[in-house]
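Number of protein chains: 4
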Amino acid sequence: MNLRERKAAKKREDILRSASLVISRQGYHNATMEDIAAELLMTKGALYYYFKNKEELLYRCHDLILTEAKEKMEGIVRMDVSCEEKMRMALRHHIEVAIREKEVFNLIVKPETTFSQDNIPEIIKKRDEYAGLFDRIIDEGVESGEFEVPEKKMARMIILGATNWIQVWYSPEGKYSPEDVEEIYAGQLLKMLRKIS
Amino acid sequence: MNLRERKAAKKREDILRSASLVISRQGYHNATMEDIAAELLMTKGALYYYFKNKEELLYRCHDLILTEAKEKMEGIVRMDVSCEEKMRMALRHHIEVAIREKEVFNLIVKPETTFSQDNIPEIIKKRDEYAGLFDRIIDEGVESGEFEVPEKKMARMIILGATNWIQVWYSPEGKYSPEDVEEIYAGQLLKMLRKIS
Amino acid sequence: MNLRERKAAKKREDILRSASLVISRQGYHNATMEDIAAELLMTKGALYYYFKNKEELLYRCHDLILTEAKEKMEGIVRMDVSCEEKMRMALRHHIEVAIREKEVFNLIVKPETTFSQDNIPEIIKKRDEYAGLFDRIIDEGVESGEFEVPEKKMARMIILGATNWIQVWYSPEGKYSPEDVEEIYAGQLLKMLRKIS
Amino acid sequence: MNLRERKAAKKREDILRSASLVISRQGYHNATMEDIAAELLMTKGALYYYFKNKEELLYRCHDLILTEAKEKMEGIVRMDVSCEEKMRMALRHHIEVAIREKEVFNLIVKPETTFSQDNIPEIIKKRDEYAGLFDRIIDEGVESGEFEVPEKKMARMIILGATNWIQVWYSPEGKYSPEDVEEIYAGQLLKMLRKIS
DNA sequence: AATGAATGAGAGTTCATTCAT
DNA sequence: CATGAATGAACTCTCATTCAT
Chain H
1 MNLRERKAAK KREDILRSAS LVISRQGYHN ATMEDIAAEL LMTKGALYYY FKNKEELLYR
61 CHDLILTEAK EKMEGIVRMD VSCEEKMRMA LRHHIEVAIR EKEVFNLIVK PETTFSQDNI
121 PEIIKKRDEY AGLFDRIIDE GVESGEFEVP EKKMARMIIL GATNWIQVWY SPEGKYSPED
181 VEEIYAGQLL KMLRKIS
Chain D
1 MNLRERKAAK KREDILRSAS LVISRQGYHN ATMEDIAAEL LMTKGALYYY FKNKEELLYR
61 CHDLILTEAK EKMEGIVRMD VSCEEKMRMA LRHHIEVAIR EKEVFNLIVK PETTFSQDNI
121 PEIIKKRDEY AGLFDRIIDE GVESGEFEVP EKKMARMIIL GATNWIQVWY SPEGKYSPED
181 VEEIYAGQLL KMLRKIS
Chain G
1 MNLRERKAAK KREDILRSAS LVISRQGYHN ATMEDIAAEL LMTKGALYYY FKNKEELLYR
61 CHDLILTEAK EKMEGIVRMD VSCEEKMRMA LRHHIEVAIR EKEVFNLIVK PETTFSQDNI
121 PEIIKKRDEY AGLFDRIIDE GVESGEFEVP EKKMARMIIL GATNWIQVWY SPEGKYSPED
181 VEEIYAGQLL KMLRKIS
Chain F
1 MNLRERKAAK KREDILRSAS LVISRQGYHN ATMEDIAAEL LMTKGALYYY FKNKEELLYR
61 CHDLILTEAK EKMEGIVRMD VSCEEKMRMA LRHHIEVAIR EKEVFNLIVK PETTFSQDNI
121 PEIIKKRDEY AGLFDRIIDE GVESGEFEVP EKKMARMIIL GATNWIQVWY SPEGKYSPED
181 VEEIYAGQLL KMLRKIS
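Chains as they are written, first to last, in full-length UniProt numbering: chain H, 1 to 197; chain D, 1 to 197; chain G, 1 to 197; chain F, 1 to 197.
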């Protein structure tokens, strides 16, 4: 990848970051291409040089975040620690991303309102892969006897729901630091998973 | 309230139900005034006789649902049963509404993307009152020694997050009945709240 | 059809006439919805109340003219006169429309550049039906021994090409009246068709 | 003309050929600078090195074709054969170009929709010179007694209209070869011109 | 001589909102 | 009360054109 290509790739990423930001602030439907461009001091026309349309831009945007989150999560799953510890780290990571990305997270969550039929299957696939990493930790924990749950899928849904929700109520100006939230959530959710002997 | 007024009030409610339906189906931003009117075989112009604008209509819509949900929830809180039982009923009720109303629930949840500054405070107030009913059950439970939580507010947020999330993944065509979901969620979340002796 | 419907129908037709005019003046691709609306002192938004999009509007526009022309032409074909006389009348009629409608005629002629796949078959069908009326006159003339041509389809194409072309060069300010053109064209083209004994 | 200039001249002509092709395929308004450049594996920016803008490019494009056609036509007019033979050859040549160049021919035909005031007079002049060559053949034929027409200009217009029209309906996949068309058209149109003794 | 990148004007389209009837 | 009709602002997207490199 030569200089020019690297520059272009960087620009594309800049645009995605800008889009993330604007969407986080205003929501998808209230974020215009103009807004996204303005954030980078570009004109909206330029966006179309890099992305074929708004949906494509948004799709790449969500893909970037989800891919990053997934990679990190895969690292956690592979670690050689107890399942409880893994889940704690996974929760910390997930909460951290949820707080940071807010609205973009919503795109991941409800693709139907935003994306056309073409992109939805891929989005759901990626999303499920990510969620599947939680399943793996739960599975392992159940096998090793650390966890005990009536329905694995529901347990995972409770965990994701609870943590995704954070972006709704969390405010940096509030009384909790992100770390506080991470600790307390992890504590509670692990209590829910733990086998009671 | 004379006949004319009663008729008008009925019509207003019809419109709100229709709006709920359309929004649940298509999401707020994809629900046009035309769509809402069409559902009732009216023309969109007529909606403006009953509601000053789209936001007002949406506001009333969310208000209706939230008020109903709250009233029922208050009944539960006042019942003379154990806190665990109360919480179980509260969860059942909340989940049932979440499944039924889907998108409208989202309005309640993220007013900033939809409503203007004028309506937000009131919405948040109502929403907090509703959430406060969960707090009361938790409080009682902690006092009576049935529950034990590190942070009451967080416990409530986990509960609401987990349950609100259901509307994202739940499908009537799936393998779970609403009752299944209610039971399993209640079981898991109560496990999280329960004092471990 | 009540008053309101009649009014609406009239408006639709007004719009079509206006569109014809603007297209005749500027060509299809240079005629904006704004232009078409301005001609009628409307705003472009209003056009979308009557027609779903530009293509639909243009399609109806061409359909109107073609249908009218075809109806009149059918009357001519059914008349009880010699084939030569029929052809003379058909030519007069066709030339008159070609001069009057100019550009709209072009739409009929080259639908591929303008219309999407959905509308093209119907357009071609209508156009062929119209052209078929010329074929019928030629057929009759050949059978009756009045005409003699090496290839009927080509004869028809020559006739249509020659007459459609008029709108390219004809100007009301020039030295020929429409009637002059009609006479001379008819004379020449009939000479081309006539059986030489 | 040194090497550099020759290279540039060659490139200019390449561009014109490419533009002809793209316009023939897509029509003028649907042919973007990008399309034209892509055909030559260039970027659109480069086109502006050779031509000042799209109109200039199109103008040169049409000029190229018309000039070539005219030169060949002049050769035909100067030949020492009967007028009927001359006209037959002229028709063959014209039809052949019309079939080959399709859309570009349209540019020649209706400059008003495409070109700005600056270029139109020149275009019309060239076009009239070309058409004038047909006039000369007709004139000669009338003088020599081979042809007989009521109005020379109209006769020419019929001929050009009929033949230009071919590009509208002709398809290489159809049942007629270009040569078929040339023969039948020439036969019919000459019958129209011929003096009937 | 050519490219990649950016601009900006304008097109078609949508929709909340208004209002005479 | 309700409707049909119209408005106008906003939005997405396109493309001829420019320009630094």
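A virtual CB, placed ideally from N, CA and C, is assigned to each residue, including glycine.
Legend entry - Straight-line gap, L190/F to D118/G (C-alpha atoms, nearest Å): Between the alpha carbons of L190/F and D118/G lies a gap of roughly 41 Å.
Legend entry - Residue from I36/H, V81/H, N30/H, L58/H whose Cα sits closest to the Cα of I137/H: That would be V81/H, whose Cα lies nearest to the Cα of I137/H.
Legend entry - chain H residues whose Cβ lies nearer than 8 Å to that of V97/D: None at all; the shortest Cβ gap to chain H is about 15 Å.
Legend entry - Segment limits, alpha helix (DSSP H) that includes L41/F: No alpha helix (DSSP H) holds L41/F; DSSP gives it neither H nor E.
Inset, instruction - Using only alpha-carbon positions, find the residue among V22/G, R100/G, M73/G, R88/G that is nearest to P172/G. - result: When each option's Cα is compared against that of P172/G, the closest is R100/G.
Inset, instruction - Using a Cβ cut-off of 9 Å (strictly closer), state whether T32/F contacts chain G. - result: By this cut-off, T32/F is not an interface position.
Legend entry - Contact between the region 173-181 of chain D and the region 70-89 of chain D (3+ Cβ pairs under 8 Å): Contact between the region 173-181 of chain D and the region 70-89 of chain D is not established, with fewer than three Cβ pairs separated by less than 8 Å.
Inset, instruction - Check whether the Cβ atoms of R194/G and F147/G sit closer than 9 Å, and answer yes or no. - result: Between R194/G and F147/G, the C-beta gap is smaller than 9 Å, which places the two residues in contact.
Inset, instruction - Return yes when at least one heavy atom of the ligand ADP lies under 8 Å from the C-beta of M33/H, else no. - result: The ligand ADP is absent from the structure shown, which contains no ligands of any kind.
Legend entry - Interface residues of the region 114-128 of chain G facing chain F [CB-CB below 9 Å]: Residues T114.
Legend entry - Exposed unless 16 or more other CB atoms sit within 10 angstroms - verdict on G145/G: G145/G sits exposed, since fewer than 16 C-beta atoms from the chains shown fall within 10 Å of its C-beta.
Inset, instruction - Mind listing the chain F neighbours of E151/G? Cutoff is C-beta to C-beta under 8 Å, in chain order. - result: Going along chain F in sequence order, the residues near E151/G (Cβ under 8 Å) are I184.
Inset, instruction - Quick one: using the 10 Å Cβ neighbour count with 16 as the cut-off for buried, is T114/H buried or exposed? - result: Of the other Cβ atoms in all chains shown, 16 or more fall within 10 Å of the Cβ of T114/H; this residue is therefore buried.
Inset, instruction - Answer yes or no: does any C-beta atom of chain G fall closer than 9 Å to that of L189/F? - result: Cβ-Cβ to chain G under 9 Å: yes for L189/F.
Inset, instruction - Can you give me the start and stop residues for the alpha helix (DSSP H) that Q26/G sits inside? - result: In the DSSP annotation of this structure, the continuous segment of the alpha helix (DSSP H) that includes Q26/G starts and ends at 3-26.
Legend entry - Beta-carbon proximity list for E129/G, same chain, < 7 Å, skipping 5 on both sides: Counting only residues of its own chain and dropping the five nearest sequence neighbours on each side, E129/G has a CB closer than 7 Å to the CB of K70.
Legend entry - Distance CB(T163/D)-CB(G161/H) smaller than 9 Å: Yes, the Cβ-Cβ distance between T163/D and G161/H is below 9 Å.
Inset, instruction - Taking the CB atoms as reference points, tell me whether R88/H and A186/H lie closer together than 9 Å. - result: Yes, these two residues count as a Cβ contact at 9 Å.
Legend entry - Residue from R60/G, G141/G, I124/G with nearest C-alpha to M192/G: M192/G has its Cα closest to that of G141/G, out of R60/G, G141/G, I124/G.
Legend entry - Below-9 Å beta-carbon distance, N53/D vs any chain H residue: The beta carbon of N53/D sits no closer than 9 Å to any beta carbon of chain H.
Legend entry - Terminal residues of the alpha helix (DSSP H) in which P121/D lies: Per DSSP, P121/D belongs to the alpha helix (DSSP H) from 120-144.
Inset, instruction - Would you verify that the beta carbon of M192/G is, or is not, closer than 9 Å to some beta carbon of chain F? - result: By this cut-off, M192/G is an interface position.
Inset, instruction - Check whether the Cβ of V104/G lies closer than 9 Å to any Cβ atom in chain F. - result: Taking a beta-carbon distance threshold of 9 Å, V104/G does not count as an interface residue toward chain F.
Inset, instruction - Look up R92/D in the DSSP assignment and give the residues it is bridged to. - result: In the DSSP assignment, R92/D is bridged to no other residue.
Legend entry - S116/F, buried or exposed, once every other Cβ within 10 Å from all chains shown has been counted against 16: Flag for S116/F reads exposed.
Inset, instruction - Check whether the Cβ of G161/F lies closer than 9 Å to any Cβ atom in chain G. - result: With respect to chain G, the C-beta atom of G161/F has a partner C-beta closer than 9 Å.
Legend entry - Bridge-paired residues (DSSP) for R60/F: Beta-bridge pairing links R60/F to no other residue.
Legend entry - Within-9 Å CB hit, V142/G to chain F: Chain F, which has no Cβ nearer than 9 Å to the Cβ of V142/G, makes this no.
Inset, instruction - With G174/F as the anchor, note down where its alpha helix (DSSP H) starts and where it stops. - result: Premise fails: G174/F is in no alpha helix (DSSP H) and is neither H nor E.
Inset, instruction - State the Cα-Cα distance for the pair M79/F and E96/F, rounded to the nearest angstrom. - result: M79/F and E96/F have their C-alpha atoms spaced approximately 19 Å apart.
Inset, instruction - Mark K86/G as exposed unless 16 or more other C-beta atoms lie within 10 angstroms of its C-beta, in which case mark it buried. - result: Buried is the call here.
Inset, instruction - Could you tell me which chain G residues have their CB closer than 7 Å to the CB of N2/F, listed as they occur along the chain? - result: For N2/F, no chain G residue has a Cβ inside 7 Å of its Cβ, as the nearest lies near 41 Å away.
Legend entry - Proximal residues, the region 80-92 of chain G versus chain F, C-beta separation under 8 Å: Residues: none.
Legend entry - Integer Cβ distance of L16/D from L64/D, believed to fall under 8 Å: Yes, L16/D and L64/D are in contact; Cβ-Cβ is about 5 Å, under 8 Å.
Legend entry - Rounded separation between L58/D and V104/D - CA only: Roughly 9 Å separates the two Cα atoms.
Inset, instruction - Output the distance between the C-alpha atoms of K125/F and K110/F, rounded to the nearest integer angstrom. - result: If you take the alpha carbons of K125/F and K110/F, they lie about 13 Å apart.
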